[in-house]
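Numbering (the working numbering), first residue to last: -4 to 397. Virtual Cβ for every residue (Gly too), placed ideally from N, Cα, C. Everything on this sheet refers to the single structure shown next.
So, in structure tokens, the structure goes:
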């Protein structure tokens, strides 16, 4: 109850700011979400021994967005408050998801510092051209991406070209990923096309090279691609050994390789839009490595718990995408008469496992939205989408206070 009281007090602190009005240069947007989430796992999975999943979790989140701007300065503040309750337990937390200040000392030049979610790239499923945020939240927009700490300088060279220097100084609230990284980004915008080239590096490491391009081929068709040449994520790999379980788990540094996406989007006469994408994750597991991972997981599942469970714990959270070749399809209607939906299908072309996602939003009125997100997976026990999580669901309501 004390934590719930903290959420209420914080809401009351934000409330007066929402009443200041646009005439003071401040605009506000406040969302309150309440939803029930659940996760279903494969009963056959050896990971059942070590992971305890509650049947469901009730979540309440308060998301105020405060934006202030004038001719020279602008800033954004996005504090977050969350309460999660599962059978027998509950916890609350508060954090700053985004908060930054931008200064425009002259026309075409801006300097910005603070915490933000820095996204780019036209692809719907995966953005390898972004060294800071490869994953996006398009598969589940209700789950916010956690911001990281940046300093940025942007110079608009002319009407077509801009160059941006970016320094990541911290990992943000979630403290995940690289702590420090610097990048230089060149953007080009034409009449029917746009593109960007990015070079990035962490201290003491080789530079990575990224880029994306998109072209509006017709009024109905968009063609795009993203490309990267960099080191992949570290993977926990099992190796046969003479130890008690017969296996040893070691961190395998990600290999430097090509990561890429090619895709197209077509909008039909009824405003439905279909996206089709092919991905290549060059740093993913090959067939031999995936088979080795599957054998080790199955073998450890038969070992005594005290010996094998720590090793299973190291193997449960492998990076995604895990393998090398994927197909992604998405069909959506945008927003029609207060009802919007999307259907997404991801096919792992290496092990033939499948993940499907369905999203539905329904506007009850101008300030209240009902929504449902469903995810389902299918595949062999050793496959990426058959090894642990079988499905998940989120059913909730969003209230737009301002």
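Query	Result
For residue 228 and residue 61, I'd like the C-alpha separation in whole angstroms.	35 Å
Buried or exposed, going by whether 16 or more other CB atoms sit within 10 Å of the CB of residue 270?	buried
Pick out whichever of 71, 101, 32 and 50 has its Cα sitting closest to the Cα of residue 78.	32
What first and last residue would you give for the beta strand (DSSP E) that runs through residue 305?	Residue 305 -> not in any beta strand (DSSP E); alpha helix (DSSP H) instead, spanning 300 to 310.
Given that a residue counts as buried once 16 or more other Cβ atoms are within 10 Å of its Cβ, and exposed if not, what is residue 206?	buried
When you compare each of 102, 53 and 20 to residue 83 by their alpha carbons, which one comes out closest?	53
Measuring only the C-alpha atoms, how far is residue 105 from residue 346?	47 Å
Determine the direct distance from the alpha carbon of residue 167 to that of residue 341, and round the result to whole angstroms.	29 Å
Exposed or buried, what is residue 339 when buried is set at 16 or more other beta-carbons lying within 10 Å of its beta-carbon?	buried
Rounded to a whole number of angstroms, what is the C-alpha to C-alpha distance between residue 155 and residue 181?	11 Å
With 16 as the cutoff for other CB atoms within 10 Å, does residue 297 come out buried or exposed?	exposed
Look at the alpha carbon of residue 363 and the alpha carbon of residue 392, and state the distance between them as a whole number of angstroms.	7 Å
From residue 240 to residue 263, what distance separates their C-alpha atoms?	56 Å
Would you list the one or two residues that DSSP bridges to residue 193?	180 and 205
Just to confirm before moving on: does the CB-CB distance between residue 25 and residue 397 stay below 8 Å?	yes
With a Cβ-Cβ cutoff of 8 Å, do residue 225 and residue 255 count as a contact?	no
How about residue 99 and residue 67: do their beta carbons lie closer than 8 Å?	yes
Around the Cβ of residue 75, are there at least 16 other Cβ atoms within 10 angstroms (buried) or fewer (exposed)?	buried
At a cut of 8 Å, does the stretch 290 to 307 reach the stretch 146 to 155 through at least three beta carbon pairs?	no
Since residue 287 is in the alpha helix (DSSP H), which residue starts that stretch and which ends it?	282 to 295
If we count Cβ pairs, one from each stretch, closer than 8 Å, do we get three or more for the stretch 344 to 358 versus the stretch 379 to 388?	yes
Quick check: the Cα distance between residue 221 and residue 122, rounded to an integer number of angstroms?	7 Å
Go ahead and label residue 265 buried or exposed: buried means 16 or more other beta carbons lie within 10 angstroms of its beta carbon, across all protein chains shown.	exposed
Which residue's Cα is closest to the Cα of residue 195: 178, 303, 56 and 327?	178
Within the stretch 37 to 112, note down every full beta strand (DSSP E) run reaching 3 residues or more, in order along the chain.	52 to 64, 68 to 81, 84 to 101 and 104 to 111
So, residue 146 versus residue 108, is the Cβ gap smaller than 8 Å?	yes
If we ignore side chains and look at the alpha-carbon of each, how far apart do residue 57 and residue 49 end up?	23 Å
Alpha carbon to alpha carbon, what distance is there between residue 37 and residue 43?	8 Å
Starting from residue 156, follow its DSSP beta bridges and name the residues at the other end.	183
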